[in-house]
Amino acid sequence: MSTKKKSKGKMHERRKRQVVGKEERYRQQRDMSDQDEEVEEEKEESPVSFPVAMWDLEHCDPKKCSGRKLSRHGLIKTLRLNTRFSGLVLTPVGNKCVAPTDREIVQEHGCAVVDCSWAKLEDTPFSRMRSPNPRLLPFLVAANPINYGKPCQLSCVEAIAAMMIITGFPDEANFYLGKFSWGHSFLELNSELLTAYAACSNSEEIIQAQDKFLANARQERIEKQGIGLHFNFLFLISFLN
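Just remember that my numbering sits 77 ahead of the position in the sequence shown, which is counted from 1.
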């Protein structure tokens, strides 16, 4: 009896070690595949003819950050603080909206974004990210999984794509968005707005197009609420009768 118990114990221990071994091998294989994927991403060449860069404040989860993914693909250059960038920079402290008239700046010097958290804007050292061409983005709706449906809270790649479309580089925008499974949802959500912005001549017209869209959206919502109240009132009358 004791011999059988000992042999069973040894078999039980052996099985445990084998299971751990399989899990360890799976983990190693997964890590290797991740490394291979990163290497493949780094080898990719961008069809974009101008520089694309970002200041990464490391506020976001690296696994969910669209800027980090673009960096792994070799599609965006990370800038250090106090580095001057001569191109167009999308930043919350910009002094006017990006417009089609900025096309030449982008074509000659490129574009950059400030990749930071919307919750930490007060702690972001914008003064250390220098550019002669700071710009704001007009009203757009996010399609990324973290802020889907929220106005203005765009991810890094969404901001870059919007800038490219407004300044006349739609093919480049599609290429960048194509790196994300949800990327083209951004174009679907903002199709009307992006078309209107790209047709403007300057920043002032961009603001006018934005305000017109928001006013129409507000009016539509009021009308829908009015229709809903009207039907509720009719239902209440019929119920009482």
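Note that CB positions come from ideal geometry on N, CA and C, so glycine has one too.
Contact annotation: residue 130 and residue 220 have beta-carbon atoms that are not nearer than 8 Å. Note that the C-beta distance between residue 243 and residue 275 is below 8 Å. At a Cβ-Cβ threshold of 8 Å, residue 233 and residue 164 do not count as neighbours. Looking only at 132, 201 and 237, the smallest Cα-Cα distance to residue 192 is reached by 132. For residue 251, the enclosing alpha helix (DSSP H) has its first and last residue at 247-254. In this structure, residue 134 lies away from residue 174, with their beta-carbon atoms at least 8 Å apart.
When the beta-carbon positions are compared, residue 237 and residue 210 stay at least 8 Å from each other. Contact check between the stretch 255-264 and the stretch 215-229: three or more CB pairs, one atom from each, fall below 8 Å, which counts as touching. If you compare the alpha carbons of 288, 278 and 235 with that of residue 266, the shortest gap goes to 235. With contacts defined by Cβ atoms closer than 8 Å, residue 291 and residue 239 do not form a contacting pair.
For residue 247 against residue 187, the beta-carbon gap comes to about 17 Å, at or over 8 Å, which does not count as contact. Under the rule that a run must span 3 or more residues, the beta strand (DSSP E) segments found entirely inside the stretch 125-211 read 129-133, 154-156, 165-167 and 188-192. Sequence-distant partners of residue 122 (beyond 5 residues in either direction) whose C-beta falls short of 7 Å from its own C-beta are missing from its chain.
The beta carbon of residue 245 sits closer than 8 Å to those of 177, 180 and 275, all from its chain and outside the five residues before and after it, given in chain order.
Sequence-distant Cβ neighbours of residue 269 in its own chain, meaning closer than 8 Å and more than five residues away, are 290.
The C-beta of residue 158 has fewer than 16 other C-beta atoms within 10 Å across all chains shown, which makes the residue exposed. Each of 263, 205 and 207 was checked against the Cα of residue 217, and the nearest Cα belongs to 263. With 16 or more other Cβ atoms inside 10 Å of its own Cβ, residue 287 counts as buried. The shortest CA-to-CA distance from residue 255 to any of 146, 277 and 278 is the one to 146. Residue 207 holds the alpha-carbon nearest to the alpha-carbon of residue 162 among 126, 150, 207 and 170.
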